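So the protein lines, in turn, are chains A, B and C.
The opening position of the first sequence corresponds to residue 49 in the numbering used here, with each subsequent residue numbered one higher.
The opening position of the second sequence corresponds to residue 49 in the numbering used here, with each subsequent residue numbered one higher.
The opening position of the third sequence corresponds to residue 49 in the numbering used here, with each subsequent residue numbered one higher.
C-beta atoms are modelled at their ideal positions from N, C-alpha and C, and glycine is treated no differently.
Bear in mind the structure is a predicted one, so any value in this text is a computation, not a measurement.
Take a look at the structure set out below.
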Amino acid sequence: MAVVVGDSAVFSLRLADIVQAIGGELVGDGQVAVEGLAPLDRAQSRQICFLSNPRYAAALPECQAACVIVAPSMRDAALDRGTTIVVQDPYLYYAKLTQLWRRRFGEWKGDEAVGAGGWIHPSAVVHLHAEVHPSARIGPLCVVERGARVGARSELTSRVSLGYDCIIGERCIVHPGVVIGADGFGFAKDGERWEKIEQLGAVWIGNDVEIGANTCIDRGALSDTVIEDGVKLDNLIQIGHNVRIGRNTAIAGSVAVAGSATIGANCTVGGGSLVSGHLTIADGVHLSGCSCVSKSITKPGVYTGVFPLDEHGDWERNAATLRQLHRLRERIRQLERERQP
Amino acid sequence: MAVVVGDSAVFSLRLADIVQAIGGELVGDGQVAVEGLAPLDRAQSRQICFLSNPRYAAALPECQAACVIVAPSMRDAALDRGTTIVVQDPYLYYAKLTQLWRRRFGEWKGDEAVGAGGWIHPSAVVHLHAEVHPSARIGPLCVVERGARVGARSELTSRVSLGYDCIIGERCIVHPGVVIGADGFGFAKDGERWEKIEQLGAVWIGNDVEIGANTCIDRGALSDTVIEDGVKLDNLIQIGHNVRIGRNTAIAGSVAVAGSATIGANCTVGGGSLVSGHLTIADGVHLSGCSCVSKSITKPGVYTGVFPLDEHGDWERNAATLRQLHRLRERIRQLERERQP
Amino acid sequence: MAVVVGDSAVFSLRLADIVQAIGGELVGDGQVAVEGLAPLDRAQSRQICFLSNPRYAAALPECQAACVIVAPSMRDAALDRGTTIVVQDPYLYYAKLTQLWRRRFGEWKGDEAVGAGGWIHPSAVVHLHAEVHPSARIGPLCVVERGARVGARSELTSRVSLGYDCIIGERCIVHPGVVIGADGFGFAKDGERWEKIEQLGAVWIGNDVEIGANTCIDRGALSDTVIEDGVKLDNLIQIGHNVRIGRNTAIAGSVAVAGSATIGANCTVGGGSLVSGHLTIADGVHLSGCSCVSKSITKPGVYTGVFPLDEHGDWERNAATLRQLHRLRERIRQLERERQP
Chain A
49 MAVVVGDSAV FSLRLADIVQ AIGGELVGDG QVAVEGLAPL DRAQSRQICF
99 LSNPRYAAAL PECQAACVIV APSMRDAALD RGTTIVVQDP YLYYAKLTQL
149 WRRRFGEWKG DEAVGAGGWI HPSAVVHLHA EVHPSARIGP LCVVERGARV
199 GARSELTSRV SLGYDCIIGE RCIVHPGVVI GADGFGFAKD GERWEKIEQL
249 GAVWIGNDVE IGANTCIDRG ALSDTVIEDG VKLDNLIQIG HNVRIGRNTA
299 IAGSVAVAGS ATIGANCTVG GGSLVSGHLT IADGVHLSGC SCVSKSITKP
349 GVYTGVFPLD EHGDWERNAA TLRQLHRLRE RIRQLERERQ P
Chain B
49 MAVVVGDSAV FSLRLADIVQ AIGGELVGDG QVAVEGLAPL DRAQSRQICF
99 LSNPRYAAAL PECQAACVIV APSMRDAALD RGTTIVVQDP YLYYAKLTQL
149 WRRRFGEWKG DEAVGAGGWI HPSAVVHLHA EVHPSARIGP LCVVERGARV
199 GARSELTSRV SLGYDCIIGE RCIVHPGVVI GADGFGFAKD GERWEKIEQL
249 GAVWIGNDVE IGANTCIDRG ALSDTVIEDG VKLDNLIQIG HNVRIGRNTA
299 IAGSVAVAGS ATIGANCTVG GGSLVSGHLT IADGVHLSGC SCVSKSITKP
349 GVYTGVFPLD EHGDWERNAA TLRQLHRLRE RIRQLERERQ P
Chain C
49 MAVVVGDSAV FSLRLADIVQ AIGGELVGDG QVAVEGLAPL DRAQSRQICF
99 LSNPRYAAAL PECQAACVIV APSMRDAALD RGTTIVVQDP YLYYAKLTQL
149 WRRRFGEWKG DEAVGAGGWI HPSAVVHLHA EVHPSARIGP LCVVERGARV
199 GARSELTSRV SLGYDCIIGE RCIVHPGVVI GADGFGFAKD GERWEKIEQL
249 GAVWIGNDVE IGANTCIDRG ALSDTVIEDG VKLDNLIQIG HNVRIGRNTA
299 IAGSVAVAGS ATIGANCTVG GGSLVSGHLT IADGVHLSGC SCVSKSITKP
349 GVYTGVFPLD EHGDWERNAA TLRQLHRLRE RIRQLERERQ P
């Protein structure tokens with residue numbers, strides 16, 4: 049289905065093939081072929097797009113796409129425009145369509161090994177006593193140490209370090225630069241010196257986990273650091289030793305989770321946040337970006353702790369006053385005491 | 049010009065050669081040779097230094113350097129001291145002098161390839177269908193995937209990952225550990241599970257971009273992530289998918305820019321800050337370190353949002369009061385209502 | 049002492065051997081062998097654990113461990129339970145016990161080189177003019193550039209970059225992905241363009257320093273960036289050019305220290321904090337996590353600057369009020385002026 053035209057190639061999928069592969073109700077000509085996915089407001093005549101957020105519905109009539117994916121509530125408006133696929137959840141459908149696209153054309157665009165099943169790149173350094181499932185893929189310049197295990201269909205993309213005895217489940221994706229199983233940060237004071245506490249645990253990662261570029265997950269001190277099934281970690285995240293992250297929790301970039309923190313299932317953590325050590329966050333907690341958790345959170349909900357951004361002069365005045373805040377409260381109390389009863 | 053003395057070598061440049069190469073008015077003996085650059089307060093008799101910030105002018109009479117670079121306003125004070133180069137912008141001149149120094153002596157100090165034009169280190173893994181300009185340099189243990197392109201005189205120093213279809217312009221410097229083109233962080237909810245949104249875009253990097261160690265720039269979901277000409281990124285920065293960063297913007301270390309944020313041209317972002325996703329920052333915005341942008345910024349200016357640091361006890365009292373701040377406001381209102389008209 | 053049982057092995061140490069190796073008063077049968085270390089509340093009958101924090105003393109009677117390590121103050125309570133090792137500092141003793149465990153069994157669990165003295169992995173790229181001590185270890189896929197030096201018994205674990213002319217002392221541990229000696233972030237403005245300031249200094253690292261995964265330490269602009277003896281750096285830390293960090297200071301993960309900052313000896317810095325550039329922090333300062341230092345700190349003590357976390361609705365009200373804080377202060381002043389004298 050890839051047609052080479054001069055130096056480049058055109059990939060195309062017929063709408064009928066799309067709905068056959070991933071479902072949905074097509075209203076329009078199934079023989080129409082699309083050559084790519086695009087955002088609603090920028091889609092061209094040979095592309096397909098989706099409308100998920102009703103806020104963007106106003107852009108629908110002007111949309112140039114060959115086909116728009118919409119929810120049942122937008123059906124009439126979409127049909128007025130032209131060819132449409134109607135599905136319960138357009139955003140989820142879009143996710144599946146990107147996967148279809150990658151499956152069809154990834155083999156051609158990616159390197160020689162994609163789709164070819166298991167593979168260890170000759171430049172990777174894999175210990176003889178590591179276990180790599182035959183369907184797993186170890187990309188260029190990875191290091192897999194003794195006793196490490198990589199499950200079925202998991203991929204270490206490139207330049208990943210997987211430390212000794214650390215375990216990765218099935219269908220995981222580990223992006224470049226990730227370090228799994230470096231020593232946790234543990235020292236005991238001996239006078240002014242720090243005495244190293246050897247980190248004797250490992251890292252245990254479940255199935256369907258994705259780990260972003262240059263993220264680090266430290267090995268446990270005694271027992272293991274645990275990342276449960278379905279967890280998604282973005283780039284440049286620090287996961288300290290003996291942290292446990294519950295099922296399907298998603299953590300955005302540049303977050304730090306300190307040692308022995310436990311984060312529940314189905315949580316989301318916004319970018320740049322810090323979770324202090326030795327505390328517990330309940331299931332279903334959503335933490336805003338740039339926030340700092342220093343006590344356990346026992347109830348689901350949305351939590352925030354961000355200093356509001358302001359023009360520098362305004363910030364300066366407010367910040368200066370903030371340093372006297374408890375004295376201001378005293379002055380209010382004093383005024384309250386003095387008032388006429 | 050490198051004179052080997054025992055085990056080490058002395059590099060020296062005559063002042064006359066310096067002003068011939070990069071300009072400036074030399075007042076003093078051009079035959080004097082300098083063997084290094086140093087800060088004003090620590091320069092020794094065979095070194096050259098600069099005075100840029102008038103705050104440090106008081107240190108000028110004591111300065112031991114062979115030559116001081118100053119602005120016209122400091123000319124008389126500098127001549128009283130001794131040999132001087134007078135230039136419009138001493139700090140810029142210093143930058144050019146460091147470059148001259150590196151060009152002259154870098155060949156000797158660096159590895160075998162510096163100055164030798166294009167070069168791919170034998171330990172790098174470069175796909176047959178990647179395009180590396182003959183004058184570009186791919187250092188040890190880099191990975192360059194299929195369809196990636198590296199422009200003229202650009203350098204991937206070492207241990208850099210450049211993902212498939214990602215493009216780097218001319219004269220770029222990419223420091224060790226950088227990951228360009230890992231998947232953006234995109235998932236659609238399917239019940240409690242996350243369904244992966246394949247990231248079908250790439251990364252486009254312009255000319256004269258510098259990218260610091262272990263920084264990550266994710267590929268776009270549909271269209272590309274874009275870093276415009278002249279952008280400077282420090283270390284450990286996270287750039288999410290479909291971010292666009294405008295010309296000559298400089299971002300300090302450990303900043304996170306979430307997906308689909310647009311940062312204008314000629315901005316500066318202080319270290320450790322967070323820019324939330326799907327917002328726009330105008331040209332000429334300067335963001336203080338440790339600040340969190342959660343709404344678009346439409347006017348140039350300096351913006352800050354940092355909790356002021358304090359001794360822990362004082363902080364604790366103020367922070368506790370802060371949690372009742374809106375109630376304090378109510379009490380002030382109440383007092384205002386109650387006062388005698 | 050490793051007994052292979054089927055596919056796995058059992059490691060065990062007799063209590064008498066432990067106290068012979070690292071001291072302590074054993075009360076109980078020295079012939080008892082332990083097969084591992086565990087936390088007090090999870091230790092099983094063939095494991096050893098320690099009680100350091102008196103808060104956990106209530107768990108002592110129920111503890112199943114073969115032996116508990118306690119301080120003299122807990123001696124009686126521990127003896128009531130059973131076999132005990134009494135030492136001045138149980139946490140420090142635990143650190144030494146982990147080291148003993150690693151020394152005894154690491155050879156068997158680790159890769160072929162551990163304990164075998166000096167070693168350069170064949171996949172590492174080490175410049176002919178780098179100096180690696182015969183007892184140092186350079187792991188897989190490291191890059192060591194010209195003029196770099198690695199001292200006795202130091203280890204670059206894997207995928208570490210050590211830049212030209214950078215020096216690492218003795219007994220250092222450098223975890224995967226670390227970048228030492230990338231260029232500092234230095235540019236001079238030339239109109240709207242940034243002119244690069246070549247970074248002509250290097251990095252100097254003392255003895256007994258540990259550096260966590262994916263941490264970056266930039267080379268100095270003119271003089272060197274300096275990490276003194278005994279410093280411990282966690283993962284994903286950014287150390288800017290010409291920073292100096294004093295002896296035995298420990299910095300937690302995801303901290304950024306901007307250029308030319310000086311941090312004293314025996315400090316601790318909590319995770320996710322930012323230290324701005326060109327300032328000085330005294331010896332013995334303890335900085336809470338998620339805090340931002342923007343002025344020098346001249347006195348030892350604990351310092352904090354964190355916006356307290358709250359439920360999002362409460363935070364929103366308080367944050368909105370915070371932006372009017374200096375006006376609230378004016379209103380309080382007004383009320384004070386108006387009150388009856």
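Chain C within 8 Å of residue i, Cβ atoms only
i	result
lysine 144 of chain B	yes
arginine 150 of chain B	yes
asparagine 314 of chain A	no
tyrosine 141 of chain A	no
serine 206 of chain B	yes
proline 356 of chain A	yes
Bounding residues of the alpha helix (DSSP H) (the contiguous stretch that carries residue i)
i	result
isoleucine 96 of chain A	It is not in any alpha helix (DSSP H) - isoleucine 96 of chain A instead sits in the beta strand (DSSP E) that spans 95-98.
glutamate 364 of chain C	360-370
leucine 357 of chain B	Neither: leucine 357 of chain B is in no alpha helix (DSSP H) and is coded neither H nor E.
Closest by C-alpha distance to residue i, when choosing among the options
i	options	result
glycine 412 of chain C	B/Val222, B/Arg371, B/Thr131	Since the first residue shown for chain C is 49 and the last is 389, residue 412 of chain C is missing from the structure and cannot be characterised.
serine 271 of chain A	A/Leu327, A/Gly239, A/Cys214	A/Cys214
cysteine 179 of chain C	C/Gly349, C/Val192, C/Ala81, C/Arg387	For the sequence presented, residue 179 of chain C should be read as glutamate rather than cysteine. For glutamate 179 of chain C, the nearest C-alpha among the options comes from C/Val192.
glycine 229 of chain C	B/His223, B/Val350, B/His334, B/Ala230	B/His223
asparagine 314 of chain A	A/Glu378, A/Ile221, A/Ser308, A/Asp331	A/Asp331
valine 317 of chain A	A/Ser202, A/Tyr351, A/Gln68	A/Tyr351
glycine 199 of chain A	A/Trp252, A/Ile285, A/Asn262, A/Glu386	A/Trp252
valine 38 of chain B	B/Ser206, B/Ala64, B/Gly72	This structure cannot settle anything about residue 38 of chain B, because the visible part of chain B is limited to 49 through 389.
Neighbour flag for residue i against chain A, beta carbons, 8 Å
i	result
valine 173 of chain C	no
lysine 157 of chain C	The predicted position of lysine 157 of chain C is uncertain, since its pLDDT is 44 and thus under 50; a value taken from the coordinates is nonetheless stated next. Cβ-Cβ to chain A under 8 Å: yes for lysine 157 of chain C.
aspartate 272 of chain B	no
asparagine 262 of chain C	yes
Rounded straight-line distance, which links the Cα of residue j to that of residue i
i	j	result
alanine 107 of chain C	glycine 249 of chain B	55 Å
threonine 310 of chain A	glutamate 218 of chain B	46 Å
valine 116 of chain A	arginine 292 of chain B	26 Å
isoleucine 245 of chain B	phenylalanine 59 of chain A	19 Å
leucine 281 of chain B	glycine 260 of chain B	6 Å
aspartate 159 of chain B	valine 303 of chain B	In this prediction, aspartate 159 of chain B has a pLDDT of 47, which is less than 50 and means its spatial position is unreliable; what the coordinates show is noted afterwards. Rounded to the nearest angstrom, the two C-alpha atoms are 31 Å apart.
arginine 197 of chain C	glycine 288 of chain C	21 Å
cysteine 111 of chain A	glycine 84 of chain A	15 Å
glutamate 384 of chain A	glutamate 384 of chain B	11 Å
leucine 189 of chain A	arginine 123 of chain C	52 Å
glutamate 276 of chain A	serine 183 of chain B	47 Å
valine 51 of chain C	glycine 225 of chain B	Bear in mind that the predicted position of valine 51 of chain C carries a pLDDT of just 39, short of 50, making it unreliable; the figure below should be weighed with that in mind. For valine 51 of chain C and glycine 225 of chain B, the distance between alpha carbons rounds to 41 Å.
Beta carbon proximity, residue i to chain B, threshold 8 Å
i	result
isoleucine 380 of chain A	yes
aspartate 89 of chain A	no
threonine 297 of chain C	no
serine 342 of chain C	yes
glycine 199 of chain A	no
isoleucine 245 of chain C	yes
Start and end residues, beta strand (DSSP E) containing residue i
i	result
glycine 349 of chain C	349-352
histidine 334 of chain A	333-335
leucine 383 of chain A	Note, leucine 383 of chain A: premise wrong, no beta strand (DSSP E); alpha helix (DSSP H) at 373-386.
threonine 132 of chain B	132-134
valine 116 of chain C	115-118
Closer than 7 Å: residue i CB and nearest the ligand HEM heavy atom
i	result
leucine 145 of chain C	With respect to the ligand HEM, the structure shown offers nothing to examine, as it has no ligands at all.
Can you list the beta strand (DSSP E) stretches of 3 or more residues lying completely in the segment 215-284 of chain C, in chain order? 227-230, 235-238, 241-244, 251-253, 264-266, 273-275
Residue ranges of each beta strand (DSSP E) within the segment 297-346 of chain A, 3 or longer: 333-335
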